[in-house]
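Peer 1:
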Amino acid sequence: MLEHCAHARFVWNLAVEQHAHWRRWRTAAPSFAEQCRQLTEARRENVWLGAGNADVQQQALGDFARAKSARFTSGFGEPTWRKKYRHEGFRVIGTDRVPEYEVDGRPKLNAKTGRQVMGRSVVVQKLNKRWAQVKVPGCGWVRFRRTRAELPDAKTFRVTFRNNQWHIAFAVIPEPIEAPGAGEVIGIDRGVRITAALSDGRKLNCPQLTVKERAKIRKHQRRAARAPKASETKTAEYAKVARLKAREANRRKDWCEKISTTLARTYDLVRFEKLNIKNMTRTAKGTQGEPGKNVAQKAGLNRAILAQGWGLLRQRTEHKAPGRVEDVPAAYTSLRCSACGWIDKNSRKSQAEFVCSFCGFTCNADTNASINVAAGQGGIPRPRRSAGAGGVTTATGRSNAREPQPAWVGILLF
Ligand SMILES: [Zn+2]
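Positions 3 to 416 (the working numbering) are the ones given, in order, by the sequence shown.
1) Just how far apart, CA to CA, sit Thr197 and Ile188?
2) Going along the chain, which unbroken runs of the beta strand (DSSP E) with 3 or more residues stay wholly within the region 179-242?
3) Look up Thr319 in the DSSP assignment and say whether it is helix, strand or coil.
4) Helix, strand or coil: how does DSSP classify Trp27 here?
5) For Ala226, collect the residues of the same chain with a Cβ closer than 6 Å to its Cβ; drop the 5 residues on either side in sequence, then sort them by chain order.
6) So, do the region 195-213 and the region 123-132 have three or more beta carbon pairs nearer to each other than 8 Å?
7) Return the Cβ separation of Trp14 and Phe66 in integer angstroms, given the expectation that the two are a contact with Cβ distance under 8 Å.
8) Looking at Arg145: is its Cβ nearer than 9 Å to the Cβ of Ala134?
9) Give the single residue among Ala367, Val375, His23, Ser336 whose Cα lies nearest to the Cα of Asp329.
10) Tell me whether Ile1 is buried or exposed, calling it buried when 16 or more other Cβ atoms sit within 10 Å of its Cβ.
11) Using 8 Å as the cut-off, classify the Cβ of Lys323 as near or not near the heavy atoms of ligand 1, replying yes or no.
12) For Ala391, does the three-state DSSP call read helix, strand or coil?
13) For Asp368, I'd like the list of residues in its chain whose CB is within less than 6 Å of its CB, leaving aside the five on either flank, ordered along the chain.
14) Quick one: any contact between the region 315-332 and the region 253-272, if contact means 3 or more CB pairs under 8 Å?
15) Examine the Cβ distances between the region 216-234 and the region 137-154 and report whether three or more of them are shorter than 8 Å.
16) At a cut of 8 Å, does the region 327-347 reach the region 163-176 through at least three beta carbon pairs?
17) Within 8 Å: the Cβ of Cys342 and any heavy atom of ligand 1?
18) Please state the DSSP three-state secondary structure of Glu104.
19) Between which two residues does the beta strand (DSSP E) holding Phe274 run?
20) Can you check whether the CB of Gly343 is closer than 9 Å to the CB of Arg273?
21) Following the continuous beta strand (DSSP E) through Ser123, name the residue where it begins and the one where it ends.
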């Protein structure tokens with residue numbers, strides 16, 4: 003399988019090089035079909051490549067073509083080089099020939115010949131409750147640990163090798179989770195202390211490494227730093243660090259999957275406060291002429307933000323409940339009283355405590371914010387037209403049209 007990885011990487015990097023050459027010299031970029039022809043030639047000339055599996059190599063080209071055409075929408079941009087040890091993986095197309103059907107159940111027919119189209123299907127066998135096996139070309143049956151009750155019905159699968167672990171992922175488009183239909187809305191406020199505060203008062207925390215595990219990481223980092231350069235000890239110690247860090251990432255991912263499924267199942271509409279995580283985690287270092295302030299604190303906050311898996315939770319909820327996820331502008335959600343709508347920074351007594359300076363409503367600060375998010379409230383109080391030039395808002399005698407408020411409520415600026 004490592005050989006498959008090497009072949010796939012080699013072919014992918016060839017394609018990257020070709021396209022880079024095309025961009026540099028404005029020559030015609032080879033199409034996928036043309037690349038496949040070139041691959042056949044290359045396999046004939048290169049013994050090492052020719053000894054590998056042709057399907058695996060062709061799928062790597064297919065992956066590249068897909069990555070290339072999705073470069074503006076995928077979020078990954080232009081496909082780039084794959085590195086040894088870093089990006090190890092390959093895609094396999096199923097070997098079973100199965101008839102294909104349209105969405106409505108009619109057999110899919112070839113427009114030219116009129117015969118039913120035959121597709122490919124992955125051969126998977128169940129071994130027991132926990133294990134199943136799949137056929138990998140050139141390797142025979144490969145056992146894998148099952149994470150789902152049902153066996154996958156996929157056309158292709160991808161095998162990756164990361165942190166000394168093999169993973170297999172079947173390409174299956176899951177059914178979206180249906181809305182319960184009771185019209186229930188939930189608001190979610192994401193924070194550093196509490197990962198996700200829900201508007202029903204629940205507080206969910208993303209699991210992180212335990213104190214013991216963190217101490218272990220530091221121990222191995224220390225040992226690695228003291229080991230002589232390029233020694234076996236150094237590599238082994240760094241591998242231990244990587245494994246522990248991977249454990250944290252796995253836990254976070256698992257948590258996001260579970261929570262997003264629960265959210266999609268129990269609520270019709272899920273509202274998140276709109277965060278710009280990229281801006282929030284931007285480095286505080288500044289430039290040489292203008293060094294930033296509180297660099298270490300900001301770096302710590304950045305780590306905390308990224309470790310919380312905020313982005314992933316929203317993304318996965320959106321995947322599972324398409325069209326049922328909304329973003330609410332985050333500004334003022336933490337300062338607005340969810341009972342009366344009064345916005346005042348003095349209401350926020352501490353990190354955890356919220357006491358409305360107008361009506362005295364007392365609540366956990368994160369829960370209060372999430373109730374505002376659920377109501378779709380918050381946002382910047384818009385200056386009234388009568389407030390004068392510069393958009394300065396002063397206390398006005400009338401209630402704000404955006405939210406129900408007592409007769410003389412104003413908006414305090416800060
Ligand atoms: Zn209030």
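The beta carbon of each residue, even a glycine, is placed where N, CA and C say it ideally should be.
Keep in mind that this is a model prediction, so the values were computed, not measured.
Peer 2: In brief:
1) Position 195 of the sequence shown, counted from the first residue, corresponds to residue 197. Position 186 of the sequence shown, counted from the first residue, corresponds to residue 188. In a straight line, the C-alpha of Thr197 is about 15 Å away from that of Ile188.
2) Scanning the region 179-242 from its first residue to its last, the whole beta strand (DSSP E) runs of 3-plus residues come out as 187-192, 198-200.
3) For this step, residue 319 is matched to residue 317 along the sequence shown. In this structure, Thr319 counts as helix in the three-state DSSP scheme.
4) Locating residue 27 in the sequence shown gives position 25, where the first residue counts as 1. Trp27: helix per DSSP, three-state reduction.
5) Position 224 of the sequence shown holds residue 226. Hits under 6 Å: Lys236, Glu239, Tyr240.
6) no
7) In the sequence shown, residue 14 corresponds to position 12, counting from 1. In the sequence shown, residue 66 corresponds to position 64, counting from 1. That pair is a contact at about 5 Å.
8) Mapped onto the sequence shown, residue 145 falls at position 143. Mapped onto the sequence shown, residue 134 falls at position 132. Their beta carbons are under 9 Å apart, which means Arg145 touches Ala134 by this criterion.
9) Here residue 329 is taken as the residue at index 327 of the sequence shown, counted from 1. Among Ala367, Val375, His23, Ser336, the Cα nearest to that of Asp329 is on Val375.
10) Nothing about residue 1 can be reported from this structure: the residues present for the chain run from 3 to 416 only.
11) Counted from its first residue, the sequence shown places residue 323 at position 321. First, the amino acid is wrong: residue 323 is Ala here, not Lys. Every heavy atom of ligand 1 is 8 Å or more from the Cβ of Ala323, so no.
12) Working through the sequence shown from its first residue, we reach residue 391 at position 389. The predicted position of Ala391 is uncertain, since its pLDDT is 38 and thus under 50; a value taken from the coordinates is nonetheless stated next. Residue state, collapsed to three classes: helix.
13) Taking the first residue of the sequence shown as position 1, residue 368 is located at position 366. Around Asp368: Asp191, Gly193, Ile196, Ala199.
14) yes
15) no
16) no
17) Indexing the sequence shown from 1 puts residue 342 at position 340. Yes, ligand 1 has a heavy atom inside 8 Å of this Cβ.
18) Here the question's residue 104 lines up with position 102 in the sequence shown. Correct three-state label for Glu104: coil.
19) As a position in the sequence shown, residue 274 is number 272, starting the count at 1. Element bounds for Phe274: 271-276.
20) To locate residue 273, count along the sequence shown from 1; it is residue 271. To locate residue 343, count along the sequence shown from 1; it is residue 341. Contact flag unset, no.
21) In the sequence shown, residue 123 corresponds to position 121, counting from 1. Residues 120-123.
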